[in-house]
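**Student:** For the sequence shown, position 86 matches number 85 in numbering that gives the first Met the number 0, and the numbering has no gaps at all. Structure below; questions to follow.
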Amino acid sequence: MKHTKENKRFYLTDSQMGVVDMAKDISNAFTPCVVMESGVDGSGPIECPVLNYPIYFFVRAEKMADGGEAAVAYETAMFHARNFLSWLKKKHDEEIDNDIKGDFARINLDGAYIDILSVGPLQNGWFAVMLQFQRDEPLNLCIDWNLYLTDEELEAQRAQFAEEEDSDSSN
0 MKHTKENKRF
10 YLTDSQMGVV
20 DMAKDISNAF
30 TPCVVMESGV
40 DGSGPIECPV
50 LNYPIYFFVR
60 AEKMADGGEA
70 AVAYETAMFH
80 ARNFLSWLKK
90 KHDEEIDNDI
100 KGDFARINLD
110 GAYIDILSVG
120 PLQNGWFAVM
130 LQFQRDEPLN
140 LCIDWNLYLT
150 DEELEAQRAQ
160 FAEEEDSDSS
170 N
């Protein structure tokens with residue numbers, strides 16, 4: 000899929016609800032197109048939660064109620080999702096020793112799991128296939144002690160507040 004100013008194919012949204020809203024807003028968009036969530040969610044142990052990176056491949060069916068057209072839309076979306084996976088794997092393998100550049104740099108395939116889901120029908124005849132990469136991502140937690148008060152600083156601040164309250168109440 001080529002994305003140009005006249006032929007927009009890639010969209011970014013902030014959440015899963017944004018994906019549903021996007022289907023309403025891109026009624027004039029070219030089919031197929033790609034929608035990626037900028038928000039990342041996940042869960043797991045504090046040392047290494049599993050983060051999710053969802054990407055949607057949208058294809059529009061002219062007649063939403065036609066089961067045959069819906070099936071073709073899903074198949075076409077899956078075709079583009081597979082092509083993307085092939086491209087991403089090739090890019091990852093070629094750039095493994097370098098910093099991976101571009102919009103998909105945050106999707107590291109090492110140790111990644113993937114969910115594939117069909118989504119839809121959505122507004123305006125859109126059907127989608129979602130690829131959701133699940134990646135164990137160590138948090139490497141560390142504390143920047145400069146952001147916090149020491150015990151002595153905290154006590155001094157409490158004393159200052161107490162002084163200010165006393166002077167305010169005596170006025």
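Backbone N, C-alpha and C fix where the C-beta goes; we use that ideal spot for every residue, glycine too. In this text the structure is predicted, and so the values were computed from the model without any measurement.
Which residue wins for smallest C-alpha separation from I113, given the options V19, G119 and Q131?
**Tutor:** Of the listed residues, the one whose Cα sits closest to I113 is Q131.
**Student:** Spatial neighbours of V34 within its chain, please: C-beta separation below 7 Å, excluding the five flanking residues on both sides.
**Tutor:** Taken in chain order, the residues that qualify are Y10, T12, V18, M21, Y55 and F57.
**Student:** Measuring straight from C-alpha to C-alpha, what distance separates A176 and R157?
**Tutor:** Not covered by the structure: residue 176. The range shown for the chain is 0 to 170.
**Student:** What's the call for A155, buried or exposed, on a 16-neighbour Cβ count within 10 Å?
**Tutor:** Flag for A155 reads exposed.
**Student:** Which same chain residues, not among the five before or five after A127, have their C-beta less than 7 Å away from its C-beta?
**Tutor:** Correct list, in chain order: Y55, F56, F57, A76, V118, G119 and L121.
**Student:** Is S42 helix, strand or coil when you go by DSSP?
**Tutor:** Residue state, collapsed to three classes: strand.
**Student:** Quick check: the Cα distance between E36 and E164, rounded to an integer number of angstroms?
**Tutor:** Straight-line Cα distance between these residues: approximately 49 Å.
**Student:** Throw me the rounded Cβ distance for the L50 and G38 pair, which I believe falls under 8 Å.
**Tutor:** About 11 Å; that fails the 8 Å criterion.
**Student:** Put C8 into one of helix, strand or coil per three-state DSSP.
**Tutor:** Sequence inspection shows Arg at residue 8; the Cys mentioned does not correspond to that position. R8: coil per DSSP, three-state reduction.
**Student:** Tell me the DSSP secondary structure of Y73 in three-state form.
**Tutor:** If DSSP states are grouped into helix, strand and coil, Y73 belongs with the helices.
**Student:** Would you mind working out which of N82, F83 and L108 sits nearest H91, comparing C-alpha positions?
**Tutor:** The residue with the shortest Cα to Cα distance from H91 is L108.
**Student:** Apart from the five residues on each side of it in sequence, which residues of its chain come closer than 8 Å, Cβ to Cβ, to E68?
**Tutor:** Hits under 8 Å: A60, E61 and K62.
**Student:** Out of curiosity, what's the CA-to-CA distance linking G66 and Q133?
**Tutor:** G66 and Q133: Cα-Cα distance of roughly 31 Å.
**Student:** Tell me which same chain residues have a C-beta within less than 6 Å of the C-beta of M129, skipping the five on either side of it?
**Tutor:** Contacts found: P53, Y55, L116 and V118.
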